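> Residue numbers (the numbering used here): -18 to 104.
Even for Gly, the Cβ is constructed at its ideal location relative to N, Cα and C.
All of these numbers come straight from a predicted model, not from anything done at the bench.
What follows is a structure written as structure tokens; I'll ask about it next.
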């Protein structure tokens, strides 16, 4: 099958896949809102690029295109999001975090866990 013949392969997705897709969508939405809010500052562009990364990965999983590679790349991609956020925000307590911070970081931690399990299952 050529790449132009790709269709959604939803029947091959497990509940764990759907959990990962949901977590990636949550993070993409948070990054989209923040990105739009930060424009035209360069941080806005970075947030929108992160949005594109999450959405692009979701599409690749949905069409069953090199899923194992998507999982493997998604782990450090998501981890970098967490590290970069910590470097920029430098929270000193949980009270210093906003709702978007908490929702996004919980979604990203869960996503990393899901990606690790999915990768292990397929290798």
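For residue -11, count neighbouring C-beta atoms within 10 Å of its own C-beta (all shown protein chains included) and say buried if the count is 16 or more, exposed if not.
Looking at its Cβ environment, which holds fewer than 16 other Cβ atoms inside 10 Å, residue -11 is exposed.
> Any chance the region 84 to 95 sits against the region 49 to 63, with 3 or more Cβ pairs inside 8 Å?
Yes: at least three Cβ pairs fall under 8 Å.
> Is there contact here, the region 27 to 34 with the region 77 to 87, by at least three beta-carbon pairs under 8 Å?
Because the criterion of three Cβ pairs below 8 Å is not met, the region 27 to 34 and the region 77 to 87 do not touch.
> Would you mind sorting residue -18 into buried or exposed? The rule is 16 or more other CB atoms within 10 Å of its CB.
Its pLDDT being 47, under 50, residue -18 is placed unreliably by the model, and nothing is read from it.
> Quick check on residue 20: does DSSP put it in helix, strand or coil?
Here residue 20 sits in coil by DSSP.
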